[in-house]
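Report on one structure; see the data block that follows.
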Amino acid sequence: MDDVTLFSQQAIDDIRQNQAEWEGGALAATLKSRPEEKQTYETESGIPLKRIYTAADIADIPASELGFPGAYPFTRGVYPTMYRGRPWTIRQVAGFGNPEATNQRYKYMIQTGQTGLSTDFDLPTLLGLDSDDPMAFGEVGRVGVAIDTVDDVERLFDGIDLEKISVSLTINPSAWVIYAMFVTVAEERGCDLHKLTGTLQADPLKEYVAQKEWIYPVRPAVRLLRDLIMYSARTTPKINPVSLSGYHLSDVGGNALQEIAFTMAFTISYCEEVTRAGMDIDDFAPRLSFFFISHQDFFEQICKFRAARRVYAKIMSERFNARKPESMRLRVHVQTAAMSLTKVEHHNNLMRTAIQALGAVLGGCQSMHTNGLDEAFAIPTEEAMKLAIRTQQIIREEINVTSVIDPLGGSYFIERLTKDMEDEVWKMLDEIQERGGAIKLVEEGWFQQKLADSAYATFKKIDSGEKISVGVNKYADAASRSADVHIHPYDDHCTQLQIDRLRAVRENRDDARIQSLLKELVEQARSDDINLLPKTIELVRAKATLGEICSALREVWGSYSEPMIV
Amino acid sequence: MADTKGAGAVIEANEASHTNATIRVLVAKLGLDGHDRGAKVVARILRDAGMEVVYTGLYKSPKDVVQAAIQEDVDVIGVSLLSGSHVPLFRELCRCLREEGAEHVLVVAGGVIPEQDYPALLECGVDAIVPQEARAGLIVTAITDLVAARGRI
Amino acid sequence: MRAVARSRTAKRGAYTPSTELAKDVLSGRPIAIARMISRAEDGRAEAASALAELYLQGGRAHIVGITGVPGAGKSTLVSALISTYADEGHKVGVIAVDPSSPFSGGAILGDRVRMSDAAAAGSAFVRSMATRGHLGGLARSTLQAVDVLDAAGYSPIIIETVGVGQDEVEVVAAAHTIVVLSAPGLGDDIQAIKAGILETADIHAVSKCDKPEASATVSALQGMLALGGSSAGSDWKPPVLPVSSVSGERIGDLRRAIGEHWAHLRRSGELAVRQRNICRTRILGTAKQLFQNKFQQKPEALEPYVRAVTERRMDPSVAARALLGWEEDPWTT
Numbered sequence: 000m001d002d003v004t005l006f007s008q009q010a011i012d013d014i015r016q017n018q019a020e021w022e023g024g025a026l027a028a029t030l031k032s033r034p035e036e037k038q039t040y041e042t043e044s045g046i047p048l049k050r051i052y053t054a055a056d057i058a059d060i061p062a063s064e065l066g067f068p069g070a071y072p073f074t075r076g077v078y079p080t081m082y083r084g085r086p087w088t089i090r091q092v093a094g095f096g097n098p099e100a101t102n103q104r105y106k107y108m109i110q111t112g113q114t115g116l117s118t119d120f121d122l123p124t125l126l127g128l129d130s131d132d133p134m135a136f137g138e139v140g141r142v143g144v145a146i147d148t149v150d151d152v153e154r155l156f157d158g159i160d161l162e163k164i165s166v167s168l169t170i171n172p173s174a175w176v177i178y179a180m181f182v183t184v185a186e187e188r189g190c191d192l193h194k195l196t197g198t199l200q201a202d203p204l205k206e207y208v209a210q211k212e213w214i215y216p217v218r219p220a221v222r223l224l225r226d227l228i229m230y231s232a233r234t235t236p237k238i239n240p241v242s243l244s245g246y247h248l249s250d251v252g253g254n255a256l257q258e259i260a261f262t263m264a265f266t267i268s269y270c271e272e273v274t275r276a277g278m279d280i281d282d283f284a285p286r287l288s289f290f291f292i293s294h295q296d297f298f299e300q301i302c303k304f305r306a307a308r309r310v311y312a313k314i315m316s317e318r319f320n321a322r323k324p325e326s327m328r329l330r331v332h333v334q335t336a337a338m339s340l341t342k343v344e345h346h347n348n349l350m351r352t353a354i355q356a357l358g359a360v361l362g363g364c365q366s367m368h369t370n371g372l373d374e375a376f377a378i379p380t381e382e383a384m385k386l387a388i389r390t391q392q393i394i395r396e397e398i399n400v401t402s403v404i405d406p407l408g409g410s411y412f413i414e415r416l417t418k419d420m421e422d423e424v425w426k427m428l429d430e431i432q433e434r435g436g437a438i439k440l441v442e443e444g445w446f447q448q449k450l451a452d453s454a455y456a457t458f459k460k461i462d463s464g465e466k467i468s469v470g471v472n473k474y475a476d477a478a479s480r481s482a483d484v485h486i487h488p489y490d491d492h493c494t495q496l497q498i499d500r501l502r503a504v505r506e507n508r509d510d511a512r513i514q515s516l517l518k519e520l521v522e523q524a525r526s527d528d529i530n531l532l533p534k535t536i537e538l539v540r541a542k543a544t545l546g547e548i549c550s551a552l553r554e555v556w557g558s559y560s561e562p563m564i565v
Numbered sequence: 000m001a002d003t004k005g006a007g008a009v010i011e012a013n014e015a016s017h018t019n020a021t022i023r024v025l026v027a028k029l030g031l032d033g034h035d036r037g038a039k040v041v042a043r044i045l046r047d048a049g050m051e052v053v054y055t056g057l058y059k060s061p062k063d064v065v066q067a068a069i070q071e072d073v074d075v076i077g078v079s080l081l082s083g084s085h086v087p088l089f090r091e092l093c094r095c096l097r098e099e100g101a102e103h104v105l106v107v108a109g110g111v112i113p114e115q116d117y118p119a120l121l122e123c124g125v126d127a128i129v130p131q132e133a134r135a136g137l138i139v140t141a142i143t144d145l146v147a148a149r150g151r152i
Numbered sequence: 000m001r002a003v004a005r006s007r008t009a010k011r012g013a014y015t016p017s018t019e020l021a022k023d024v025l026s027g028r029p030i031a032i033a034r035m036i037s038r039a040e041d042g043r044a045e046a047a048s049a050l051a052e053l054y055l056q057g058g059r060a061h062i063v064g065i066t067g068v069p070g071a072g073k074s075t076l077v078s079a080l081i082s083t084y085a086d087e088g089h090k091v092g093v094i095a096v097d098p099s100s101p102f103s104g105g106a107i108l109g110d111r112v113r114m115s116d117a118a119a120a121g122s123a124f125v126r127s128m129a130t131r132g133h134l135g136g137l138a139r140s141t142l143q144a145v146d147v148l149d150a151a152g153y154s155p156i157i158i159e160t161v162g163v164g165q166d167e168v169e170v171v172a173a174a175h176t177i178v179v180l181s182a183p184g185l186g187d188d189i190q191a192i193k194a195g196i197l198e199t200a201d202i203h204a205v206s207k208c209d210k211p212e213a214s215a216t217v218s219a220l221q222g223m224l225a226l227g228g229s230s231a232g233s234d235w236k237p238p239v240l241p242v243s244s245v246s247g248e249r250i251g252d253l254r255r256a257i258g259e260h261w262a263h264l265r266r267s268g269e270l271a272v273r274q275r276n277i278c279r280t281r282i283l284g285t286a287k288q289l290f291q292n293k294f295q296q297k298p299e300a301l302e303p304y305v306r307a308v309t310e311r312r313m314d315p316s317v318a319a320r321a322l323l324g325w326e327e328d329p330w331t332t
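Below you can see the structure in the form of structure tokens.
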């Protein structure tokens with residue numbers, strides 16, 4: 000059964016013969032009179048592309064590699080009915096200033112038709128610093144919302160029904176504390192924790208290699224994620240405690256293959272940590288979620304999603320012996336590629352984003368953020384966000400691409416490229432395994448070096464004009480300037496307000512209790528097999544600040560010092 | 000020692016045209032912005048243009064960066080920022096440079112910086128702003144031009 | 000597209016004569032120290048007499064060389080040492096050497112990534128240097144930079160070499176105390192560099208001592224030392240010290256060993272021997288450099304000899320002696 004291929008040997012032989020005749024005849028004649036524009040054609044990540052694909056190119060692929068939607072190996076989609084049953088979630092990320100400012104934006108977006116919330120946090124919050132920390136200077140509320148205490152989370156979701164709308168939290172090194180605050184707010188409101196839905200990013204390994212936000216050394220950071228996954232599986236079973244993020248690997252220069260392979264390597268490490276701590280794979284794997292980019296190379300991106308689903312299904316089934324289908328399906332949130340956007344002729348960004356969004360839909364994503372046309376240089380304005388939401392709505396409602404599942408499946412080219420990408424990913428995973436696994440290689444800077452090399456190679460391609468950016472290095476129009484863009488204004492009072500509130504909280508709480516709880520947390524952290532979440536929730540409830548909790552653990556684990564990679 | 004003193008006049012003449020000494024640049028990240036892709040690409044571009052690039056790594060305060068710039072005797076500090084905090088951070092950086100008597104160090108800003116913030120940056124002491132889409136040639140000449148205009152010191 | 004620059008690029012800071020600068024170096028002003036080092040690096044003739052003056056003012060610093068294969072963790076170790084010395088109130092100087100690109104002549108100097116915390120504390124002076132084509136693990140002017148720091152009152156002065164292979168042992172003839180850092184799991188490299196630098200170590204450090212493989216590396220080194228015995232004429236037994244720069248574990252042991260070696264050198268009289276070796280090497284090295292510079296600047300003076308040797312009218316040895324003025328110039332006879 001496994002070896003059943005898609006075509007009969009006779010058909011393949013005929014095609015090969017006909018192709019040879021065509022190549023010798025019509026094709027050769029045309030090439031003689033008019034050579035092709037380039038000597039070789041390849042995908043963005045360097046996979047060679049043929050002129051044309053036929054059944055002969057996929058003769059070796061067993062039919063079982065394609066399967067059916069909602070069934071192993073999930074190549075064609077993770078749900079049996081896909082968009083016919085439920086369209087993807089439009090999930091635009093937002094977050095800036097004080098919790099109230101973000102809360103207001105949320106309400107605007109819900110009104111515009113957004114179906115899920117997504118929060119960006121400011122850098123001090125991500126890095127576990129309070130708003131009055133000296134290192135937070137100039138950063139409070141800049142790239143996301145500032146959170147210091149549980150009260151800020153209450154303000155952030157004021158008037159929003161947490162049982163009804165799913166909440167995505169783009170939080171990393173300090174994720175376990177923000178989760179503790181979120182759960183505390185939900186509990187205090189009397190929500191049923193089993194009904195809470197949402198996603199935390201909380202993917203530490205990709206932080207060390209891509210986003211570069213960290214607090215502790217690599218291993219304690221992975222342990223915190225392990226604690227979070229295990230606690231969430233029992234307490235908030237519908238929350239995804241981690242979103243394995245290939246997006247950022249791409250953001251720092253990784254190509255499509257590196258994006259999947261490195262993300263899968265990190266997935267393997269996390270699963271090993273959790274199963275080693277005694278949890279069955281089927282008890283947490285259904286809540287692992289993913290976050291990929293939809294980049295410029297249209298077909299390669301579509302195949303990337305398909306190949307990633309297949310690789311993941313096989314890893315979970317074969318390596319971790321998962322039995323539940325839910326443990327093997329790769330659910331993915333997609334964001335279009337911010338780095339493909341240009342400041343020059345920024346309206347072109349609408350077209351870029353629309354095409355990338357279409358690719359994500361054809362690739363079978365579960366939720367999506369489309370970039371605002373000003374996303375390359377500012378936090379998007381309301382107008383830009385609305386256009387971005389409209390882009391998704393047009394794809395969903397007007398152009399009839401959601402009626403048929405995996406509409407490109409079976410295309411000779413798509414199936415061949417999907418398989419080629421899968422094969423390359425396995426090769427990379429084997430190498431990572433041979434070199435000692437993802438955690439060790441993160442510590443050594445191996446991934447960092449690969450990504451920096453890839454980023455420099457991409458820059459050189461743009462510099463030489465080999466990689467085209469329309470309006471920038473081709474068809475550049477001297478008359479067109481970077482238009483005056485209305486840029487979202489920053490709120491200067493934000494920092495002071497956060498600091499004032501922080502002081503007020505510190506003055507009105509039981510400090511002695513906080514100190515003794517922090518001591519207990521530190522003691523628990525010294526042992527590897529105590530879950531730190533319950534104590535953290537106690538601390539949050541007693542109004543300990545994010546900064547206090549994070550710095551207490553630095554005492555045990557120290558801070559991270561990056562390897563020298565340029 | 001007597002010899003070198005005797006040759007004084009010739010040497011002075013030499014110094015005036017001594018513009019081909021290696022340019023040293025501190026490529027720095029300020030504040031909490033972890034986006035180091037651009038900074039690292041710029042570091043390689045400058046190295047490939049024959050400059051010596053001191054890279055600071057992440058999470059540096061303006062004070063750290065000024066201290067490093069002084070000890071390394073760099074001609075230029077290049078800072079790439081994508082966090083939106085450029086105005087307060089560059090203002091503080093330039094203030095620290097003045098406080099340490101190191102105004103001879105040139106400051107080049109890059110990253111995601113909206114044009115509306117250019118005047119504020121130039122006013123606080125930034126010497127040049129390199130746009131996000133800049134190609135290698137532009138980044139290199141921005142620096143060589145600044146150093147040539149300042150002269151060797 | 001263009002860069003936006005300030006319309007008025009004010010001429011900021013005029014050229015300070017090196018003799019002026021030297022005074023500020025002696026009073027410990029960081030900007031002056033840094034610029035004097037740059038002038039030494041750029042080989043400015045104008046700085047020669049000032050550098051000479053600073054040399055005469057120095058001689059107090061303990062110079063510590065730290066070397067080892069790439070990836071052993073030298074920068075991290077140096078960073079930990081800086082903190083230890085700074086805590087004790089020492090003004091510690093560091094010269095960290097990295098290779099220049101053979102293609103562009105440029106360099107990326109990344110040692111500060113791991114060091115700047117300590118340097119920012121203000122009690123340390125950290126300077127990165129590119130080799131600028133010089134082989135041997137140091138830059139041509141590394142020792143002049145050490146002279147400057149010495150005159151400014153820094154001690155100890157740590158020289159961190161580029162990651163060394165087999166032959167790059169120049170630091171041996173430049174420092175009073177040589178620390179060779181090995182990393183666990185780099186067992187093959189121990190063999191590879193055995194002939195070179197391992198045997199010259201006054202102190203062996205093994206990094207990442209929290210890793211299980213570290214003890215194997217420690218035993219391998221101890222085994223090697225037992226076979227080789229101690230270096231001739233010295234009763235100093237090079238210790239093998241596991242350290243962890245990350246946790247700071249046992250950095251104190253290394254700090255103490257460096258201090259003990261310095262005391263040993265002074266007590267035993269070996270210091271004078273080392274000093275003489277360092278000076279001898281520097282004089283010869285500088286002479287060689289000057290000689291090369293002379294003919295690089297005036298290639299036409301060399302040209303007749305090149306032609307004569309190429310055409311086999313003269314052998315290279317006679318030509319070299321003539322250039323040095325050791326034998327009568329064949330052209331005048």
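Line by line, the protein sequences give chains A, B and C. Sequential numbering of the first sequence, starting at 0, is according to numbering that gives the first Met the number 0. Sequential numbering of the second sequence, starting at 0, is according to numbering that gives the first Met the number 0. Sequential numbering of the third sequence, starting at 0, is according to numbering that gives the first Met the number 0. Ideal placement from N, C-alpha and C gives every residue a C-beta, glycine not left out. All figures in this text were calculated on a predicted structure; none of them were measured in a lab.
Report task. Determine which residues of the region 106 to 124 of chain A have a Cβ less than 8 Å from any Cβ of chain B, and write them out in chain order. Result -> So the close ones are Leu122, Pro123.
Query raised in the report: Under 9 Å Cβ-Cβ, which residues of chain A neighbour C:Ser127?
Result: Numbered from its first residue, the third sequence carries residue 127 of chain C at position 128. Within chain A, no residue has its beta carbon less than 9 Å from that of C:Ser127; the closest one is some 11 Å off.
Query raised in the report: Any C-beta of chain A sitting closer than 7 Å to the C-beta of B:Arg23?
Result: In the second sequence, counting from the first residue as 1, residue 23 of chain B sits at position 24. No, its Cβ sits nowhere closer than 7 Å to a Cβ of chain A.
Query raised in the report: Should A:Asp468 be labelled buried (16 or more other beta-carbon atoms within 10 Å of its own) or exposed?
Result: Sequence index remark: in the first sequence, residue 468 of chain A carries index 469 (1-based). In the sequence on display, residue 468 of chain A carries Ser and not Asp. The residue in question, A:Ser468, is buried, as its Cβ has 16 or more Cβ neighbours within 10 Å.
Requested in this report: Using the Cα positions of A:Ser410 and B:Thr21, report the straight-line distance between them to the nearest angstrom.
Outcome: Position 411 of the first sequence, counted from the first residue, corresponds to residue 410 of chain A. Position 22 of the second sequence, counted from the first residue, corresponds to residue 21 of chain B. The alpha-carbon atoms of A:Ser410 and B:Thr21 are separated by roughly 56 Å.
Report task. Out of A:Ala454, A:Cys549, A:Thr380, A:Trp21, point me to the one whose CA is closest to A:Arg104's CA. Result -> Residue numbering aside, residue 104 of chain A sits at position 105 when the first sequence is read from its first letter. A:Arg104 has its Cα closest to that of A:Thr380, out of A:Ala454, A:Cys549, A:Thr380, A:Trp21.
Report task. Can you tell me the Cβ-Cβ gap for A:Gln566 and A:Gly140, rounded? I've got them flagged as a contact below 8 Å. Result -> What is shown of chain A runs 0 to 565, which leaves residue 566 of chain A out entirely.
Query raised in the report: Which same chain residues, not among the five before or five after A:Ile11, have their C-beta less than 7 Å away from its C-beta?
Result: Here residue 11 of chain A refers to the residue found at position 12 of the first sequence. Closer than 7 Å at Cβ, skipping near neighbours: Ala54, Ala55, Ala58.
Requested in this report: Identify the contact partners of A:Ser268 in chain C, using a Cβ-Cβ distance below 8 Å as the criterion.
Outcome: Indexing the first sequence from 1 puts residue 268 of chain A at position 269. Neighbours of A:Ser268 in chain C, taken as residues at a C-beta separation under 8 Å, are lacking, since the least C-beta distance is about 18 Å.
Query raised in the report: Which same chain residues, not among the five before or five after C:Leu289, have their C-beta less than 8 Å away from its C-beta?
Result: Residue numbering aside, residue 289 of chain C sits at position 290 when the third sequence is read from its first letter. In its chain, beyond the 5 residues on either side, no residue has a beta carbon closer than 8 Å to the beta carbon of C:Leu289.
Query - Own chain partners of A:Asp132 with C-beta closer than 8 Å, once the 5 adjacent residues on each side are dropped - result: By 1-based counting over the first sequence, the position of residue 132 of chain A is 133. Hits under 8 Å: Pro123, Gly546.
Query raised in the report: Secondary structure at C:Gly57, three-state DSSP: helix, strand or coil?
Result: Counted from its first residue, the third sequence places residue 57 of chain C at position 58. The answer is coil: DSSP assigns C:Gly57 none of H, G, I, E or B.
Report task. Using 10 angstroms around the beta-carbon of A:Tyr474, count the other beta-carbons present and answer buried if the total reaches 16, otherwise exposed. Result -> Indexing the first sequence from 1 puts residue 474 of chain A at position 475. It is exposed - the Cβ of A:Tyr474 has fewer than 16 other Cβ atoms within 10 Å.
Requested in this report: Determine, using beta-carbon pairs with one atom in the region 161 to 178 of chain A and one in the region 197 to 209 of chain A, whether at least three such pairs fall under 8 Å.
Outcome: yes
Query - Proximity to A:Gln365 [Cα-Cα], best of A:Asp373, A:Asp13, A:Gly84, A:Leu428 - result: The residue you call residue 365 of chain A lines up with position 366 of the first sequence. Cα-wise, what sits closest to A:Gln365 is A:Gly84.
Requested in this report: Compute the Euclidean distance between the alpha carbons of C:Asp314 and C:Val308, then round it to the nearest angstrom.
Outcome: Along the third sequence, read from residue 1 onward, the residue named residue 314 of chain C stands at position 315. Along the third sequence, read from residue 1 onward, the residue named residue 308 of chain C stands at position 309. Rounded to whole angstroms, C:Asp314 to C:Val308 spans 6 Å at the Cα level.
Requested in this report: Name, please, each residue of chain A whose Cβ falls closer than 8 Å to the Cβ of C:Thr75.
Outcome: Against the third sequence, residue 75 of chain C aligns to sequence position 76. Going along chain A in sequence order, the residues near C:Thr75 (Cβ under 8 Å) are Ser560.
Query - Contact with chain B by C:Phe290, beta-carbon distance below 7 Å - result: By one-based count along the third sequence, residue 290 of chain C stands at place 291. Cβ-Cβ to chain B under 7 Å: no for C:Phe290.
Query raised in the report: Using the C-alpha atoms, what's the distance from A:Glu138 back to A:Leu128?
Result: Numbered from its first residue, the first sequence carries residue 128 of chain A at position 129. Numbered from its first residue, the first sequence carries residue 138 of chain A at position 139. C-alpha separation (whole angstroms): 11 Å.
Query raised in the report: Beta-carbon separation of C:Val242 and C:Ile157 under 7 Å?
Result: Your numbering for residue 242 of chain C matches position 243 in the third sequence. Your numbering for residue 157 of chain C matches position 158 in the third sequence. Not closer than 7 Å, so no.
Query raised in the report: What does C:Ile36 reach in chain B if we use C-beta pairs closer than 8 Å?
Result: Taking the first residue of the third sequence as 1, we reach residue 36 of chain C at position 37. Under the 8 Å cutoff, chain B gives Asp72.
Query raised in the report: Between A:Ala209 and A:Ala437, what straight-line distance do the alpha-carbon atoms span, to the nearest angstrom?
Result: Along the first sequence, one-based indexing puts residue 209 of chain A at 210. Along the first sequence, one-based indexing puts residue 437 of chain A at 438. Straight-line measurement puts the Cα of A:Ala437 at about 14 Å from the Cα of A:Ala209.
Query raised in the report: Mind pulling the chain C residues with CB within less than 8 Å of B:Gly49?
Result: What you label residue 49 of chain B is simply residue 50 of the second sequence in a count that begins at 1. Per Cβ cutoff of 8 Å: Ser103, Gly104, Gly105.
**Report entry** Cβ contact (3+ pairs, closer than 8 Å) linking the region 58 to 74 of chain A and the region 448 to 461 of chain A
**Finding:** No, the region 58 to 74 of chain A is not in contact with the region 448 to 461 of chain A.
Query raised in the report: Which value, in whole angstroms, describes the spacing of the CA atoms of C:Ile32 and B:Gln70?
Result: On the third sequence, position 33 is the one that residue 32 of chain C refers to. On the second sequence, position 71 is the one that residue 70 of chain B refers to. Each residue's alpha carbon lies about 8 Å from the other.
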